[in-house]
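**Q** Below is one structure. I have some questions about it.
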Amino acid sequence: MALPKDFLDTNDFTKEQILAIEDLGLAMKKAIKVDGFYPHLLRNKSLGMIFQQVSTRTRLSFETAMCDLGGHAQFYGPGTIQLGGHESLGDTARVMGDLLDIMMARVDRHKDVVGLAAGSAVPVINGMSEFNHPTQEMGDLMTMLENLPEGKKIEDCTLAFIGDATQVCLSLMFICSKIGMNFVQFGPKGHQICDGALHVGTPEERAEFGKKLMAIGEENCKVSGGSIVISDEIDCIKGADFIYTDVWYGLYDEEVEGENYMDVFYPKYQVTMDMMNFAGPNSKFMHCLPATRNEEVVDEVMDDPERSLCWVEAENRKHSIRAILAALGNRTPINDENVEY
Ligand code: CP
22 MALPKDFLDT NDFTKEQILA IEDLGLAMKK AIKVDGFYPH LLRNKSLGMI FQQVSTRTRL
82 SFETAMCDLG GHAQFYGPGT IQLGGHESLG DTARVMGDLL DIMMARVDRH KDVVGLAAGS
142 AVPVINGMSE FNHPTQEMGD LMTMLENLPE GKKIEDCTLA FIGDATQVCL SLMFICSKIG
202 MNFVQFGPKG HQICDGALHV GTPEERAEFG KKLMAIGEEN CKVSGGSIVI SDEIDCIKGA
262 DFIYTDVWYG LYDEEVEGEN YMDVFYPKYQ VTMDMMNFAG PNSKFMHCLP ATRNEEVVDE
322 VMDDPERSLC WVEAENRKHS IRAILAALGN RTPINDENVE Y
C-alpha cells in the first residue's frame with residue numbers, strides 16, 4: 022500500500038491506510054510486550070526530532086520507539102538548530118533531509134512543519150502544531166480499537182469531546198469522521214469547531230475558519246458514513262461510548278478578550294462521574310494529557326480503573342508512533358542480511 026511521504030494530517034490518508042498503520046502498531050505492541058521481539062525495521066536509521074515546545078509523551082514515544090526499531094533519535098530543543106533564522110526553512114529542511122532518514126517536528130506554526138516536509142526528501146511527521154495533533158489521533162484510535170464496547174464495531178461508536186475547540190478537538194473530529202464514527206463536541210458557543218476553533222481572529226474570521234473545518238469533516242463523513250454534532254446542550258453526549266476532554270487553558274496564550282476560562286467552562290463542561298453516567302453506564306474516559314486535575318476532569322473519573330483509559334492512551338502514543346515510523350521510514354533500501362528480525 023503506497024503511503025504519502027509525510028504524516029502531517031490524517032486527512033491526507035485513507036481510512037484503509039490509517040487502519041493498516043494501526044494494525045501494524047498493535048502487532049508490534051504484542052510482539053514487543055508479549056513476545057519480547059523487537060522488529061528492527063529501521064536499523065541504523067536516524068530520526069531528527071525538532072521541538073519548539075515542551076513535551077513528555079510525544080518526545081518519549083518517538084525516541085524510545087525509534088530505539089525499539091533499531092534506529093537512533095536525536096533531540097533538537099528550542100534554539101538549538103537554525104529554524105526560521107537567517108537560513109530559510111527550505112534550506113534547513115533540505116540539509117536535514119540529507120543528513121537524516123526521518124524527521125519529526127512539534128512546531129508553533131503549522132506552516133513550518135508543512136515547509137519542512139516540502140523542502141526535505143525524507144518523511145516528516147507532525148508532532149503537533151497549533152492546528153492539529155495527528156500522532157495523538159493515532160494513539161487515541163488505537164485505544165478505542167482496543168476498548169470497543171461489547172458487540173460494537175469502531176464505526177458504531179460515538180466519541181464526545183467536552184470543552185474548547187483545541188487542536189486536539191479538531192484532530193478528533195478529523196479522525197472520527199475519517200473512520201466513520203460519530204463525533205460530538207459539547208462546548209460553549211464561541212468555543213465550538215464551527216465558531217471558535219483555535220481562537221482564530223475576529224468573530225467573522227472564526228466563522229469562516231469554522232466553515233472550512235466543518236467542510237473537511239463533512240467530506241470525510243460523506244465517504245465514511247460518520248456523523249458530526251456540535252452543541253452546547255448536554256443531551257448531545259447521551260449514548261457516547263468515549264468521553265474525551267482537554268485542558269481549558271491550552272489556547273489561552275491567545276486569550277479571548279475579556280474572558281476568564283473558568284467562567285466559560287466551569288462547572289458545565291467539567292467531566293464528573295455524573296456526566297460519565299449521563300453519557301452511559303459503560304462510557305469510557307479519555308484525555309490526551311497533561312491534564313489539569315479537578316479543572317476539566319475530576320480525580321474520581323481520571324483515576325477510575327474501569328472508566329478511565331487516559332493512561333493506556335498515553336502508552337499507546339508510543340505503540341502507534343512506532344508504527345508510523347516503521348510505515349513511513351522504511352523506504353530506503355535495507356540490506357536484509359543486516360536486519361535482525
Ligand atoms: N499529549 C501530548 O502530546 O503530550 P506531550 O505534550 O507531553 O507530548
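Numbering-wise (our numbering), the sequence shown opens with residue 22 and increments by one.
We put the beta carbon where it would ideally sit given N, CA and C, even for glycine.
1) Buried or exposed for P144, going by 16 or more other Cβ atoms inside 10 Å?
2) Quick one: grab the DSSP three-state call for V69.
3) According to the neighbour-count rule (16 or more other Cβ atoms, all chains shown, within 10 Å of its Cβ), is D161 buried or exposed?
4) Look up L314 in the DSSP assignment and give the residues it is bridged to.
5) What are the partner residues of Q95, as DSSP defines its beta bridges?
6) Can you tell me which of D56, C309, D320 puts its alpha carbon nearest to the alpha carbon of M159?
7) Should T313 be counted as a contact of the ligand CP given a C-beta to heavy atom distance under 6 Å?
8) Straight-line CA distance for E229 to G211?
9) How many whole angstroms separate the CB atoms of F58 and G148, which I take to be in contact at a CB cut-off of 8 Å?
10) Heavy atom of the ligand CP less than 6 Å from the Cβ of S192, yes or no?
11) What I want to know is whether the C-beta of R78 ends up closer than 6 Å to one or more non-hydrogen atoms of the ligand CP.
12) Which same chain residues end up closer than 6 Å to G373 when comparing Cβ atoms and leaving out the 5 residues on each side of it in sequence?
13) Which residue's Cα is closest to the Cα of S329: R343, A312, H340, I342?
14) Can you tell me whether DSSP reads L180 as helix, strand or coil?
15) Who are the near neighbours of D112 in its chain, counting only those whose CB is closer than 6 Å to its CB and skipping five residues on each side?
16) Measuring straight from C-alpha to C-alpha, what distance separates Q206 and I102?
17) At a cut-off of 6 Å, would you count C309 as near the ligand CP, judging by its Cβ distance to the nearest heavy atom?
18) What does the Cβ neighbour count give for K173, buried or exposed, with the cut at 16 atoms within 10 Å?
19) With contact counted as at least three CB pairs below 8 Å, one residue from each stretch, are the region 279-293 and the region 232-244 in contact?
20) Quick one: which unbroken beta strand (DSSP E) runs of 3-plus residues sit fully inside the region 98-174? Chain order, please.
21) Which residue spans inside the region 236-296 form an unbroken beta strand (DSSP E) run of at least 3?
22) Could you compute how far the alpha carbon of M49 sits from the alpha carbon of M22?
23) Ignore the nearest five residues each way along the sequence and tell me which others in F71's own chain have a CB closer than 6 Å to its CB.
24) Using C-beta distances below 8 Å, list every residue in its chain close to G301, excluding the 5 sequence neighbours before and after it, in chain order.
25) Going by the beta-carbon positions, is the gap between H220 and S192 smaller than 7 Å?
26) Which residues in the same chain have their Cβ closer than 8 Å to the Cβ of T164, if we skip the five residues on either side of it in sequence?
**A** Reading off the structure:
1) By one-based count along the sequence shown, residue 144 stands at place 123. Buried, by the Cβ-count rule.
2) On the sequence shown, position 48 is the one that residue 69 refers to. In the sequence on display, residue 69 carries Gly and not Val. It is a strand residue.
3) Here the question's residue 161 lines up with position 140 in the sequence shown. Answer is buried; the Cβ neighbour count reaches 16.
4) Start at 1 with the first residue of the sequence shown, and residue 314 comes out as number 293. Leu is not the amino acid found at residue 314; the sequence shown has Arg there. R314 is bridged to V318.
5) Here residue 95 refers to the residue found at position 74 when the sequence shown is read from its first residue. BP columns for Q95 point to G69.
6) Indexing the sequence shown from 1 puts residue 159 at position 138. The residue with the shortest Cα to Cα distance from M159 is C309.
7) Position 292 of the sequence shown, counted from the first residue, corresponds to residue 313. T313 Cβ: outside cutoff for every heavy atom of the ligand CP.
8) In the sequence shown, the residue the question calls residue 229 occupies position 208. In the sequence shown, the residue the question calls residue 211 occupies position 190. If I take the Cα positions, the gap works out to 13 Å.
9) Residue numbering aside, residue 58 sits at position 37 when the sequence shown is read from its first letter. Residue numbering aside, residue 148 sits at position 127 when the sequence shown is read from its first letter. Incorrect: roughly 27 Å between the Cβ atoms, too far for contact.
10) Translated into positions along the sequence shown, residue 192 becomes position 171. No, the Cβ of S192 stays beyond 6 Å of every heavy atom of the ligand CP.
11) Here residue 78 refers to the residue found at position 57 of the sequence shown. Correct: R78 has its Cβ closer than 6 Å to the ligand CP.
12) Only positions 22 to 362 of the chain appear in the structure, and residue 373 is not among them; the question remains open.
13) Along the sequence shown, one-based indexing puts residue 329 at 308. That would be A312, whose Cα lies nearest to the Cα of S329.
14) Reading the sequence shown from its first residue, position 159 is the one you call residue 180. In the structure shown, L180 sits in a strand (DSSP, three-state: E or B).
15) For this step, residue 112 is matched to residue 91 along the sequence shown. So the list is empty, once near-sequence residues are dropped.
16) If you number the sequence shown from 1, residue 206 lands on position 185. If you number the sequence shown from 1, residue 102 lands on position 81. Taking the straight line from one Cα to the other gives about 38 Å.
17) The count along the sequence shown starts at 1 and reaches residue 309 at position 288. C309 Cβ: within cutoff of the ligand CP.
18) Working through the sequence shown from its first residue, we reach residue 173 at position 152. That one is exposed.
19) no
20) 123-127, 145-147
21) 248-252, 263-266
22) Within the sequence shown, the letter at position 28 stands for residue 49. Within the sequence shown, the letter at position 1 stands for residue 22. Answer to the nearest angstrom: the Cα atoms are 18 Å apart.
23) Taking the first residue of the sequence shown as 1, we reach residue 71 at position 50. Note on residue identity: the sequence assigns Ile, not Phe, to residue 71. Cβ within range, chain order: Y97, A126.
24) Numbered from its first residue, the sequence shown carries residue 301 at position 280. Contacts found: K259, G260, A261, D262.
25) The residue given as residue 220 occupies position 199 in the sequence shown. The residue given as residue 192 occupies position 171 in the sequence shown. No, Cβ-Cβ distance for H220 and S192 is not below 7 Å.
26) Counting from 1 along the sequence shown, the entry for residue 164 is found at position 143. Excluding residues within five positions, the ones whose Cβ falls inside 8 Å are M307, L330, V333, E334, N337.
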